[in-house]
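Here the structure is laid out as structure tokens; the discussion comes afterwards.
There are 2 protein chains.
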Amino acid sequence: MSPGFTGSPLDRADRVRNDAEAYGALLGDWRARILGLDGLDPVLAAEGGLVWHSAAELSGSEELILLGLSDGKPHFVALAEAEGDVFRSPAIWRALSMLPAEDAAIYGTARSLIEWHNGHRFCGKCGHLTTLFRAGWGRKCGNCGKEHFPRTDPVVIMLAEYDGKALVGRQSRFPPGNYSALAGFLEPGESIEEAVRREIHEEAGITCGKVRYVTSQPWPFGGAQLMIACIVDAVDDAITLDTDELEDAKWISKEEAQAALENAESRTFNAPPPFAIAHSLLKHWATT
Amino acid sequence: MSPGFTGSPLDRADRVRNDAEAYGALLGDWRARILGLDGLDPVLAAEGGLVWHSAAELSGSEELILLGLSDGKPHFVALAEAEGDVFRSPAIWRALSMLPAEDAAIYGTARSLIEWHNGHRFCGKCGHLTTLFRAGWGRKCGNCGKEHFPRTDPVVIMLAEYDGKALVGRQSRFPPGNYSALAGFLEPGESIEEAVRREIHEEAGITCGKVRYVTSQPWPFGGAQLMIACIVDAVDDAITLDTDELEDAKWISKEEAQAALENAESRTFNAPPPFAIAHSLLKHWATT
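Same order as they appear, the protein sequences are chains A and B.
Going by UniProt numbering, the first residue of the first sequence is number 1, and it counts up by one from there.
Going by UniProt numbering, the first residue of the second sequence is number 1, and it counts up by one from there.
Next up, the structure:
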């Protein structure tokens, strides 16, 4: 299975973002579809997928972002000033477990873009107002002219491996019994491999060596993130916990990982949900 | 050889960034070293490495960023309002070819952080002034309290492979005869694998399949970037060039790559410099 939030069927159509004539034609296309949202949360149709509105339902004052094309039909989302705290919204986790993969990918892109716009209404360089341009894939400062683009924050997420076991940890805000792969933001001046080793050392006090990249996933909560999943060889297994970051960490066997992924009665911890890359990573590790 | 700008010997000492007492001790440490810079460019010592000043040479009004510790000695860089356009500074390319790898990694981190601070003096959310906090690893808005952190923009850089040959391209701003791997910013809502396939399709019109991650590198020019190097299987080899992005693209053999990397007389193009990850990627491809 592909990681969650990947596999969008939309063509991002980068070529029309700077082409005023082509973009104007898309804005006027009667087949245009507008993503239905409740604040930042997805709205689910009776049959389980995303809800799309027609352009006729727009008031005309909305600022639109071009999500992409499908069979030539433009798909937009309207900018909204909503804020979301996903950790306080159990409804969204239920919705995500019901959304088809392709719809989750579209929703993730839309949510990331809206949050990015809301966090960049002013220019970081000079403090003046910015306005949306490039079909919603940028903002430009009305004063200094600086162009701002919606990018993503890389996060490394990894399993340290030692003697056939893998290291998982839990934060105090996790539901009881839940464990996941350790993770942290990559900082300026380091490679993926260096960030993986630094984070494991900071959070669990374990020195690591060779890093193997496994897979990646866009993550649309708390801003746009790029989750980069790796396995890394640990040099020792003595855990020294950073209790500011983690409440607990432990070494698990492949059998324990399998039981957790299958939600078996015999499981020793609860695994992350299938749409989280930690799930894909645990599965990859447990089955190879 | 490790990719350029990796291998910093400094301990980033994340633990002291939020610890006012420990950080105050570092600021008052007479052994503190301050990185010498000329604007945003490195200053080279006679023996070829970076120049460091003592804390006694500070005026006291500088805003400092903690780069990290080495043998317990704090290493700082002072925030400067300099701007740099690396493509117009041949001097920096010469300097980079002379800097030891460890020094290049320290310099890259410092430059990325300074550029990040300069681009975030105002809060993107509310437009008010921000101030430096967390030992220079963040800025906080004086009005709305939003915390901003120095992260990095992921860029995919890749060789499409078809029938034993790899695709390289050149932008019109490159020096004559220079070719490199194709590259582009990863966008919100896509994985590394999806971004690799999209960029190759956008720039060269080639459909690609399976992506193999090779290595990564921090890149300190034009803001902090994370270069993610991959090889991807092309489904066909007919190039349709996006002339807004590329001036030319062509398929090269492993022999051609080797000749270019060795700067041989017989080379059919000029390879990127050793500190660029495109160099590491070409070398990896040509020798495996």
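Cβ atoms here follow ideal geometry from the backbone N, Cα and C, with glycine treated the same way.
All values derive from a computational prediction rather than experimental measurement.
Checklist entry - For Leu-182 (chain A) versus Glu-203 (chain A), is the C-beta spacing smaller than 7 Å? => result yes
Item to check | Contact with chain B by Thr-131 (chain A), beta-carbon distance below 7 Å | outcome: Cβ-Cβ to chain B under 7 Å: no for Thr-131 (chain A).
Checklist entry - Which residues bound the alpha helix (DSSP H) around Pro-90 (chain B)? => result 90–98
Item to check | Ser-59 (chain B) to Leu-129 (chain A) span [Cα, whole Å] | outcome: 35 Å
Item to check | Residue environment, Met-1 (chain A), which counts as buried when at least 16 other CB atoms sit within 10 Å | outcome: exposed
Item to check | As assigned by DSSP and simplified to three states, the class of Glu-83 (chain B) | outcome: coil
Item to check | Listed by chain order, chain A residues near Ala-224 (chain B) by CB distance under 9 Å | outcome: Glu-187, Pro-188, Gly-189
Checklist entry - Terminal residues of the continuous alpha helix (DSSP H) containing Trp-285 (chain A)? => result 277–286
Item to check | Nearest candidate by alpha-carbon position, reference Leu-26 (chain B), set B:Trp-251, B:Arg-212, B:Phe-76 | outcome: B:Phe-76
Next on the checklist: Can you confirm whether residue 332 (chain B), when its beta carbon is compared against all beta carbons of chain A, has any partner nearer than 7 Å?
Outcome noted: Because chain B here runs from 1 to 288, residue 332 (chain B) falls outside it and cannot be looked at.
Item to check | Within-7 Å CB hit, Gly-142 (chain B) to chain A | outcome: False, the Cβ-Cβ gap to chain A never drops below 7 Å.
Item to check | Three-way DSSP call (helix, strand, coil) for Trp-116 (chain A) in this model | outcome: Helix at Trp-116 (chain A).
Next on the checklist: So for Ile-239 (chain B), helix, strand or coil by DSSP?
Outcome noted: coil
Checklist entry - So, using beta-carbon positions, are Ser-216 (chain A) and Ile-192 (chain B) closer together than 7 Å? => result yes
Checklist entry - Among the residues of its own chain, which have a CB less than 8 Å from the CB of residue 290 (chain A), if the five just before and after it don't count? => result The requested residue 290 (chain A) does not occur in the structure, where chain A is confined to residues 1 to 288.
Next on the checklist: Nearest by alpha-carbon distance to His-117 (chain A): which of A:Leu-64, A:Val-235, A:Ser-253, A:Phe-275 is it?
Outcome noted: That would be A:Leu-64, whose Cα lies nearest to the Cα of His-117 (chain A).
Checklist entry - When we look at the beta-carbon of Ser-266 (chain A) and count the other beta-carbons within 10 Å, is it buried (16 or more) or exposed? => result exposed
Checklist entry - Which chain B residues are close to Pro-154 (chain A), counting only those with a beta carbon under 8 Å from its beta carbon? => result Arg-151, Thr-152, Pro-154, Leu-226
Next on the checklist: So Asp-237 (chain A) and Tyr-162 (chain A) are supposed to be a Cβ contact under 8 Å. How far apart are they, rounded?
Outcome noted: 4 Å
Checklist entry - What's the gap between the Cα of Ala-229 (chain B) and the Cα of Arg-198 (chain B)? => result Rounded to whole angstroms, Ala-229 (chain B) to Arg-198 (chain B) spans 15 Å at the Cα level.
Next on the checklist: Just to check my reading of the structure: Gly-36 (chain B) and Val-43 (chain B) have Cβ atoms closer than 8 Å, yes? What is that Cβ distance to the nearest angstrom?
Outcome noted: 4 Å
Next on the checklist: So the candidates are A:Asp-11, A:Ser-180, A:Lys-125; which of them puts its Cα closest to the Cα of residue 291 (chain A)?
Outcome noted: The requested residue 291 (chain A) does not occur in the structure, where chain A is confined to residues 1 to 288.
Item to check | Integer Cβ distance of Ser-97 (chain B) from Pro-273 (chain B), believed to fall under 8 Å | outcome: 6 Å
Item to check | Three-way DSSP call (helix, strand, coil) for Gln-171 (chain A) in this model | outcome: Look at Gln-171 (chain A) here: in three-state DSSP terms it is coil, with no helix or strand label.
Checklist entry - Is Thr-131 (chain B) helix, strand or coil when you go by DSSP? => result strand
Checklist entry - Who are the Cβ neighbours of Cys-123 (chain A) in its own chain at under 6 Å, not counting the five residues just before and after it? => result Thr-130, Cys-141, Lys-146
Checklist entry - How many Å lie between residue 318 (chain A) and Asn-270 (chain B) at the Cα? => result Here chain A has residues from 1 to 288 only, and residue 318 (chain A) is not among them.
Item to check | Closest by C-alpha distance to Ser-54 (chain B), when choosing among B:Glu-47, B:Ala-160, B:Ala-78, B:Asp-38 | outcome: Here the closest residue by C-alpha is B:Ala-78.
Item to check | Lys-250 (chain A) versus Ile-239 (chain A) - alpha carbon distance | outcome: 8 Å
Next on the checklist: Using 8 Å for Cβ pairs, my map puts Ala-257 (chain A) next to Trp-285 (chain A). What's the rounded Cβ distance?
Outcome noted: 7 Å
Next on the checklist: What does the Cβ neighbour count give for Pro-100 (chain A), buried or exposed, with the cut at 16 atoms within 10 Å?
Outcome noted: exposed
Item to check | Beta-carbon neighbours of Phe-122 (chain B), restricted to chain A and to distances below 9 Å | outcome: Within chain A, the residues whose beta carbon sits less than 9 Å from that of Phe-122 (chain B) are Phe-122, Cys-123, Gly-124, Lys-125, Cys-126, Gly-127, His-128, listed in sequence order.
Item to check | Supposed close pair Phe-5 (chain A), Ala-104 (chain A) - CB separation, criterion 8 Å | outcome: That pair is a contact at about 5 Å.
Item to check | Neighbour list for Thr-288 (chain A) in chain B, Cβ cutoff strictly below 8 Å | outcome: Neighbours of Thr-288 (chain A) on chain B: none; closest Cβ ~16 Å, over 8 Å.
Checklist entry - beta strand (DSSP E) containing Leu-64 (chain B): first to last residue? => result 64–70
Item to check | C-alpha distance - Tyr-213 (chain B) paired with Gly-184 (chain A), whole-angstrom precision | outcome: Each residue's alpha carbon lies about 20 Å from the other.
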